[in-house]
Amino acid sequence: DGKRASGPRTAASPVVGRTVPTPNRHPTDRRGDRPKPLESALPNHLVIVESKTKADTIGRFLGDDYTVLASYGHVRDLPEKGLGIDVDNHFALAWDEPRGRSREVVTSIKRALKDADVLYLATDEDREGESIAWHLLEILKPTVDVHRMVFHEITREAIDHAIESPREIDRRLVEAADGRRILDRLV
10 DGKRASGPRT
20 AASPVVGRTV
30 PTPNRHPTDR
40 RGDRPKPLES
50 ALPNHLVIVE
60 SKTKADTIGR
70 FLGDDYTVLA
80 SYGHVRDLPE
90 KGLGIDVDNH
100 FALAWDEPRG
110 RSREVVTSIK
120 RALKDADVLY
130 LATDEDREGE
140 SIAWHLLEIL
150 KPTVDVHRMV
160 FHEITREAID
170 HAIESPREID
180 RRLVEAADGR
190 RILDRLV
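Numbering of the sequence shown is given in the numbering used here, commencing with residue 10 and proceeding in unit increments.
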């Protein structure tokens, strides 16, 4: 019936109605002596959400052209020791580099980003989610196009709409999250 199977893009992924090319050949390449990589023909969009459950569900909706990974919440924080806030410099924050599980998550995301054509930051649409998206942008330093993807429900229609209508990161929400973090640390 010609339907594509969802899941990771591999040579073992079942595709009904057509032959799956070997990983080192482009489907239209008929020259056996000069294969083209399959990856060059298929777009790869990287989507980052906050939770593994969301990543799994959204990944099923988006299909093979998308890799969906979870940030598992915040990827960096203020230092454990010291204040981490420069009260004499407009309350500038000193963020620690990711450590522990966050470091592993960031490493995994960076690895996936190397093969991506586009990055979608799809963290929650609240001040914490916006802050997570901003921190990911700061840490990853992507060289591909970046879009802020927001949705209010996890349905195929909502995800499709979010992909079709991305926006920029809302700095006001990021600053609100920073302000809250400053108050929590000072009080």
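Ideal Cβ placement from N, Cα and C applies to all residues, glycine included. Bear in mind the structure is a predicted one, so any value in this text is a computation, not a measurement.
{"Query": "What do you reckon, are the CB atoms on ILE4 and GLU89 nearer than 9 angstroms?", "Result": "The first residue shown for the chain is 10 and the last is 196, placing residue 4 beyond what the model contains."}
{"Query": "Between the beta-carbon of THR76 and the beta-carbon of VAL56, is there less than 9 angstroms?", "Result": "yes"}
{"Query": "Is the region 175–187 touching the region 120–140 in the sense that three or more CB pairs, one from each, lie closer than 8 angstroms?", "Result": "yes"}
{"Query": "Which one or two residues does DSSP pair with VAL127 in a beta bridge?", "Result": "HIS54, ASP154"}
{"Query": "Using 8 angstroms as the cut-off, can you tell me whether the region 67–86 makes contact with the region 164–176, which would need three or more C-beta pairs spanning the two stretches below that distance?", "Result": "yes"}
{"Query": "Which one of TRP143, LEU149, THR132 has the shortest CA to CA distance from ILE163?", "Result": "THR132"}
{"Query": "For the putative contact between VAL153 and LEU146, defined by C-beta atoms under 8 angstroms, what is the C-beta separation to the nearest angstrom?", "Result": "Rounded, the Cβ-Cβ distance is 12 angstroms, inconsistent with contact."}
{"Query": "Does DSSP put ASP133 in a helix, a strand or coil?", "Result": "coil"}
{"Query": "Let me confirm a value: ARG189 is counted as buried when at least 16 other C-beta atoms fall within 10 Å, else exposed. Which label applies?", "Result": "exposed"}
{"Query": "Under 9 angstroms between the Cβ atoms of GLY109 and ARG194?", "Result": "no"}
{"Query": "Quick one: is SER117 near chain B, going by C-beta distance under 9 angstroms?", "Result": "Within the model displayed, chain B is absent; a lone protein chain is all it includes."}
{"Query": "Are the CB atoms of ARG120 and GLU106 nearer to each other than 9 angstroms?", "Result": "no"}
{"Query": "Using beta-carbon positions only, say whether HIS54 and TYR129 come within less than 9 angstroms of one another.", "Result": "yes"}
{"Query": "Taking buried to mean at least 16 other C-beta atoms within 10 Å of its own C-beta, is VAL4 buried or exposed?", "Result": "Any answer about residue 4 is impossible in this case: the structure gives the chain only from 10 up to 196."}
{"Query": "Quick one: is ALA101 buried, meaning 16 or more other Cβ sit within 10 Å of its Cβ, or exposed?", "Result": "exposed"}
{"Query": "Short of 7 angstroms in beta carbon distance, which residues of its chain neighbour PRO151, apart from the five on each side in sequence? Order them along the chain.", "Result": "LEU122, LEU128"}
{"Query": "Hey, could you find the ends of the beta strand (DSSP E) ALA171 is sitting in?", "Result": "Careful: ALA171 lies outside any beta strand (DSSP E), inside the alpha helix (DSSP H) at 165–173."}
{"Query": "Which value, in whole angstroms, describes the spacing of the CA atoms of ASP124 and GLY91?", "Result": "38 angstroms"}
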